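Protein chains in written order, with numbering that gives the first Met the number 0: chain A, 0 to 266; chain B, 0 to 266; chain C, 0 to 266. C-beta: ideal position from N, C-alpha, C; glycine also. Here the structure is a predicted model, which means the values were calculated and not measured. What follows is a single structure, written as structure tokens, with notes after it.
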Amino acid sequence: MSAPLITLTTDFGRGSPYVAAMKGALLTVNSDVHLVDLSHSLPPQDLRACSYFLRSAIPYFPAGTLHVVVVDPGVGTDRALLCVELKNQRLLTPDNGCWTEWARFWPQPPKVWKLTEKQYWRAEVSNTFHARDILAPVAGHLSLGLPPDKLGLPVISWVELALPKHSLKNDALVGEVLSVDSFGNLITNLPADVYLNCLQRIKAVVVDGQPVKIAQVRTYGDAAFGTLVILVSSGDTVEIAEAHGNAAKRLQAGVGSSVKLLLVPPV
Amino acid sequence: MSAPLITLTTDFGRGSPYVAAMKGALLTVNSDVHLVDLSHSLPPQDLRACSYFLRSAIPYFPAGTLHVVVVDPGVGTDRALLCVELKNQRLLTPDNGCWTEWARFWPQPPKVWKLTEKQYWRAEVSNTFHARDILAPVAGHLSLGLPPDKLGLPVISWVELALPKHSLKNDALVGEVLSVDSFGNLITNLPADVYLNCLQRIKAVVVDGQPVKIAQVRTYGDAAFGTLVILVSSGDTVEIAEAHGNAAKRLQAGVGSSVKLLLVPPV
Amino acid sequence: MSAPLITLTTDFGRGSPYVAAMKGALLTVNSDVHLVDLSHSLPPQDLRACSYFLRSAIPYFPAGTLHVVVVDPGVGTDRALLCVELKNQRLLTPDNGCWTEWARFWPQPPKVWKLTEKQYWRAEVSNTFHARDILAPVAGHLSLGLPPDKLGLPVISWVELALPKHSLKNDALVGEVLSVDSFGNLITNLPADVYLNCLQRIKAVVVDGQPVKIAQVRTYGDAAFGTLVILVSSGDTVEIAEAHGNAAKRLQAGVGSSVKLLLVPPV
């Protein structure tokens with residue numbers, strides 16, 4: 000039987016000892032786990048970036064995975080810590096809404112518990128590092144088979160965080176950039192199906208108010224080096240890229256940049 | 000039975016093949032180990048940063064953990080390589096003092112061996128990469144159950160490296176910044192217990208010679224956005240932060256910056 | 000029996016969800032694997048950097064290792080995806096030549112298959128993320144024991160990519176910088192054996208056309224702080240470094256910089 004799968008996602012950065020201490024605290028409870036780093040380089044305290052990250056990553060994990068997710072500007076205040084169960088996966092995370100954009104995709108409601116049972120925490124809990132002192136040991140106990148309802152009482156409300164939504168009008172499909180990847184590709188919130196439906200009607204693409212000359216393609220390599228392209232991303236939204244280049248630099252665009260597709264009105 | 004736990008900490012950086020080659024050399028001796036990356040982004044050749052990192056991370060790991068730690072400006076010279084045993088954990092590291100600040104916290108003396116038995120090394124040893132050619136295979140052999148006294152002779156002296164200490168005077172508690180985390184929080188060497196004892200007597204906080212307006216808090220979220228705060232860090236020292244901001248940027252401060260708490264003299 | 004060893008090497012960067020999604024897709028097929036990150040910070044779309052990385056890392060891994068390597072500027076075009084078998088190790092990678100510099104070192108020819116059997120892929124394959132949708136699940140199936148010849152037909156030709164070669168003349172040994180590590184060391188393509196053969200005849204070292212004052216050493220610590228040194232690297236090529244410093248910054252040199260050793264002609 001394989002070791003329980005636990006993923007780690009934080010904004011702790013790559014040089015600090017926080018990631019190490021959190022791993023140690025978890026492994027002290029159960030060293031027979033399969034630890035997988037997702038990222039420790041989320042933008043500091045940026046819940047929207049965390050929300051986009053989780054929506055893009057969690058759906059690909061198998062049933063039984065436990066995700067520990069820590070972007071926690073409210074650490075040490077009275078914000079709750081949660082155990083969330085949905086689609087046979089579990090998350091341990093501060094109650095800050097980072098997971099609700101992911102949960103939105105599933106018809107079932109999640110089961111959620113508030114972590115209050117201190118016997119599963121480290122004996123001493125600091126005010127500024129609940130990842131090490133609460134979430135990590137609780138992850139260890141869950142991986143040993145502890146049922147989530149031992150961690151605290153179920154709750155039926157929590158912080159909700161939604162990513163900005165697109166709007167479709169007669170003459171325009173309007174959205175914004177949710178993420179810029181390491182290639183400089185601009186990942187927007189324009190849904191692939193909506194985009195494909197109005198593909199024949201696109202008159203112009205406008206980024207941050209500036210019209211851009213751009214080619215509609217299936218993939219980057221369909222265009223010549225240096226061409227700006229618009230395509231369906233691997234996350235099923237619209238993406239703007241430069242073939243073998245960096246669209247973010249080229250367009251001076253980033254997270255939050257507006258993306259507007261001007262449309263010929265339907266007949 | 001779970002696989003032996005081995006952690007890796009280096010200053011090799013994230014893009015180089017050195018981390019990969021070291022992992023390969025270890026796994027070639029024993030592939031049935033539980034490898035955990037702590038960090039490969041320690042500041043290059045910075046033993047003080049390494050010392051702070053280890054002190055902050057190792058105490059959270061379970062008995063039986065083997066830590067391979069490589070910040071090694073003296074590679075290939077006659078500096079020794081050591082196997083250190085303390086508190087049921089082991090370290091493999093160059094003899095540069097990076098571990099002695101951690102060891103200082105424990106009353107027991109460590110057991111230390113000097114690595115000299117070449118049958119546990121790679122057949123060819125380069126002059127510039129002992130992590131791959133000596134430490135990694137030795138870690139593999141230890142994880143297979145080899146007793147440390149097979150690696151070489153015990154030694155009773157080694158390089159000591161101490162982090163700078165605070166000083167407490169009648170009218171001031173004086174220390175410095177040991178580390179800046181990814182949030183820009185300034186982690187000092189002022190001990191929490193000393194700070195808490197003189198909390199009522201603090202007249203002013205002076206960073207790098209400049210008085211700063213600052214709020215005493217329990218955690219970041221206790222103050223309004225943008226407020227400078229002083230608090231006890233998760234490592235039980237004094238920390239200076241900006242609520243939802245970056246104190247290092249705000250104060251233009253960094254590792255080595257002086258931090259002085261001016262005190263009302265005791266009656 | 001230990002879990003199958005699978006390494007991951009990409010240019011996805013450390014903050015994006017791509018690495019996470021790829022890991023999830025692999026673990027969904029087989030969660031009982033030993034996942035090892037080699038690097039996710041290769042320079043974006045830089046096949047030469049990837050080639051250098053693989054040549055420097057793969058030889059240290061044990062028989063049976065499966066390497067998933069993704070630097071894929073041609074994703075979604077008609078470039079093939081390959082399974083390569085050589086020296087009892089396997090690679091899954093786009094057909095872009097990134098592995099051929101490594102393969103050059105072995106007398107045996109590799110066995111290579113083109114991935115065409117879609118039953119081992121994710122049901123939906125995006126045009127821009129074959130790492131997640133094809134390579135990751137195929138890695139999972141291989142780790143479960145699927146023979147490579149089930150993945151597609153064998154092929155006998157593929158893209159070849161060679162790193163630039165040195166040239167040895169009567170009066171000069173000429174090469175270039177292949178890589179700069181995190182210490183600022185300049186790793187060249189001048190072979191150690193060729194260098195050692197002409198060691199007594201070196202009159203001058205010229206980097207990017209500028210003669211540099213440099214000491215011939217065995218290792219960094221053999222010279223005083225701040226001295227430029229030339230030595231044999233851990234990858235058996237010539238390396239230029241600054242003792243306890245950063246040669247790349249000092250010399251304003253980088254990947255592609257020319258390195259010329261002026262020689263006294265042989266008698």
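Close Cβ partners of residue i (< 8 Å) along its chain, the five nearest in sequence each way excluded
{"i": "B/GLU238", "result": "ASN184, LEU185, ILE186, THR187, ILE229, LEU230, VAL231, SER232"}
{"i": "A/ASP180", "result": "ILE186"}
{"i": "C/PHE182", "result": "ALA240, ASN245"}
{"i": "C/ALA191", "result": "VAL231, SER232, ASP235, THR236, VAL237"}
{"i": "B/SER274", "result": "Here chain B has residues from 0 to 266 only, and residue 274 of chain B is not among them."}
{"i": "A/SER256", "result": "GLU175, VAL176, LEU185, VAL206, ASP207, LEU250"}
{"i": "C/VAL154", "result": "ALA79, LEU81, VAL111, TRP112, LYS113"}
{"i": "B/PRO147", "result": "CYS82, GLU84, ARG89, LYS110, TRP112, LEU141"}
{"i": "C/PHE224", "result": "ALA242, HIS243, GLY244"}
Closest by C-alpha distance to residue i, when choosing among the options
{"i": "B/ALA130", "options": "B/ARG200, B/VAL266, B/ALA161, B/LEU7", "result": "B/LEU7"}
{"i": "B/CYS49", "options": "B/LEU26, B/GLY96, B/LEU4", "result": "B/GLY96"}
{"i": "B/SER125", "options": "B/GLY253, B/HIS140, B/TYR17, B/VAL35", "result": "B/TYR17"}
{"i": "C/LEU85", "options": "C/PRO61, C/VAL211, C/ALA242, C/PRO43", "result": "C/PRO61"}
{"i": "A/VAL35", "options": "A/ILE5, A/LYS212, A/PRO146", "result": "A/ILE5"}
{"i": "C/ALA138", "options": "C/ALA102, C/PHE224, C/VAL158, C/LEU81", "result": "C/LEU81"}
{"i": "A/ALA161", "options": "A/LEU46, A/CYS197, A/ASN87, A/THR64", "result": "A/LEU46"}
{"i": "A/LEU152", "options": "A/LEU227, A/PRO42, A/VAL83", "result": "A/VAL83"}
{"i": "A/GLY220", "options": "A/ASP10, A/VAL211, A/ALA242, A/TRP157", "result": "A/ALA242"}
{"i": "B/TYR51", "options": "B/ASN87, B/ALA102, B/LEU65, B/GLY12", "result": "B/ALA102"}
{"i": "A/VAL28", "options": "A/SER15, A/ALA122, A/LYS212", "result": "A/ALA122"}
{"i": "C/ALA247", "options": "C/ARG200, C/VAL266, C/VAL211", "result": "C/VAL211"}
{"i": "C/GLN199", "options": "C/VAL266, C/GLY63, C/LYS149, C/LEU41", "result": "C/VAL266"}
{"i": "C/GLY14", "options": "A/PHE224, A/SER178, A/GLY253", "result": "A/SER178"}
{"i": "A/ASN87", "options": "A/LEU65, A/HIS165, A/PRO163, A/PRO106", "result": "A/LEU65"}
{"i": "A/LEU37", "options": "A/LEU145, A/VAL68, A/LYS149", "result": "A/VAL68"}
Residues near residue i in its chain [Cβ-Cβ closer than 6 Å; skip 5 each side]
{"i": "B/PRO3", "result": "VAL32, SER142"}
{"i": "B/ASP71", "result": "PRO93"}
{"i": "A/THR99", "result": "GLU159, LEU160"}
{"i": "A/TYR194", "result": "VAL237"}
{"i": "A/THR127", "result": "VAL74, GLY75"}
{"i": "C/ALA222", "result": "ALA214, VAL216, VAL228, ALA242"}
{"i": "A/THR226", "result": "ALA214, ALA242"}
{"i": "C/ASP10", "result": "LEU41, PRO43, VAL70"}
Residues of its chain near residue i, where Cβ-Cβ distance is below 7 Å and the 5 sequence neighbours each way are ignored
{"i": "A/LYS202", "result": "LEU261, LEU262, VAL263"}
{"i": "A/GLY12", "result": "HIS39, SER40"}
{"i": "C/LEU189", "result": "HIS165, LEU172, GLY174, THR236, VAL237, VAL258"}
{"i": "B/TRP157", "result": "LEU81, ASP94, VAL111"}
Can we say the region 111 to 119 of chain A touches the region 197 to 214 of chain B, given the rule of at least three CB pairs closer than 8 Å?
-> Two segments are said to touch when three or more pairs of C-beta atoms, one from each, lie closer than 8 Å; by this definition the region 111 to 119 of chain A does not touch the region 197 to 214 of chain B.
Stretch-stretch touch, CB-based, cutoff 8 Å, three pairs: the region 211 to 227 of chain B with the region 165 to 175 of chain B | By the C-beta criterion, the region 211 to 227 of chain B is judged not to be in contact with the region 165 to 175 of chain B, since fewer than 3 inter-stretch pairs fall below 8 Å.
Mind checking the region 33 to 51 of chain B against chain C and listing, in chain order, the residues whose C-beta falls within less than 8 Å of any C-beta there?
-> Against chain C - using a Cβ distance shorter than 8 Å - the residues of the region 33 to 51 of chain B are LEU34, ASP36, PRO43, GLN44.
Taking contact to mean at least 3 C-beta pairs separated by less than 8 Å, is the region 56 to 64 of chain B in contact with the region 63 to 76 of chain C?
-> Counting Cβ pairs under 8 Å, fewer than three are found: no touch.
Within the chosen definition, does the region 84 to 92 of chain A reach the region 133 to 141 of chain A through at least 3 CB pairs nearer than 8 Å?
-> By the criterion of at least three beta-carbon pairs nearer than 8 Å, the region 84 to 92 of chain A is in contact with the region 133 to 141 of chain A.
Name the residues in the region 49 to 72 of chain A whose C-beta lies less than 7 Å from a C-beta of chain C; which are they?
-> From the region 49 to 72 of chain A, only PHE52, SER55, ALA56, TYR59, PHE60, PRO61 have a Cβ closer than 7 Å to chain C.
Those runs of the beta strand (DSSP E) which lie wholly inside the region 142 to 180 of chain B and span at least 3 residues = Counting only runs of 3 or more, we get 171 to 179.
At least three beta-carbon pairs within less than 8 Å, the region 21 to 33 of chain B to the region 255 to 266 of chain B = They do not touch, by the three-pair rule.
Quick one: which residues of the region 169 to 186 of chain B get their C-beta closer than 9 Å to a C-beta of chain C? List them in chain order.
-> Flagged: no residues at all.
Taking a cut of 8 Å between CB atoms, which residues from the region 207 to 219 of chain C lie near chain B?
-> Of all residues in the region 207 to 219 of chain C, ARG217, THR218, TYR219 have a Cβ within less than 8 Å of some Cβ in chain B.
Could you name each continuous beta strand (DSSP E) segment of 3 residues or more that falls completely within the region 177 to 224 of chain C, going from the start of the chain to the end?
-> Taken in chain order, the unbroken stretches of beta strand (DSSP E) that lie wholly in the region 177 to 224 of chain C and span 3 residues or more are 185 to 190, 201 to 206, 209 to 211.
Residues in the region 249 to 262 of chain C with C-beta within 8 Å of chain B's C-beta atoms, listed in sequence order?
-> Cβ contacts with chain B come from no residue of the region 249 to 262 of chain C.
Of all the residues that make up the region 8 to 24 of chain B, which are near chain A by a beta-carbon distance shorter than 8 Å?
-> For the region 8 to 24 of chain B, residues whose beta-carbon sits nearer than 8 Å to a beta-carbon of chain A comprise THR8, ARG13.
Complete runs of the beta strand (DSSP E) confined to the region 4 to 79 of chain A [at least 3 residues] | Annotation note: the region 4 to 79 of chain A contains the following uninterrupted beta strand (DSSP E) runs of length 3 or greater, listed N- to C-terminal: 4 to 9, 33 to 38, 65 to 69.
Curious, which full-length beta strand (DSSP E) runs of at least 3 residues does the region 219 to 258 of chain C contain?
-> Whole beta strand (DSSP E) segments, 3+ residues: 227 to 231, 236 to 241.
Considering only residues of the region 78 to 147 of chain C, which uninterrupted beta strand (DSSP E) runs meet the minimum length of 3 residues and lie entirely inside it, listed in chain order?
-> Within the region 78 to 147 of chain C, the complete beta strand (DSSP E) runs of at least 3 residues are 80 to 85, 88 to 93, 110 to 113.
Scan the region 101 to 131 of chain A for residues whose Cβ lies nearer than 8 Å to a Cβ of chain B and list them as they occur along the chain.
-> In summary, the residues of the region 101 to 131 of chain A whose CB is separated from some CB of chain B by less than 8 Å are SER125, ASN126, THR127, PHE128, ARG131, in the order they occur in the chain.
Members of the region 226 to 245 of chain C near chain A, C-beta cut-off 8 Å | Identification of residues in the region 226 to 245 of chain C having a C-beta nearer than 8 Å to some C-beta of chain A yields an empty set.
Taking any Cβ of chain B, which residues in the region 152 to 170 of chain C have a Cβ under 9 Å from it, in chain order?
-> So nothing in the stretch comes that close.
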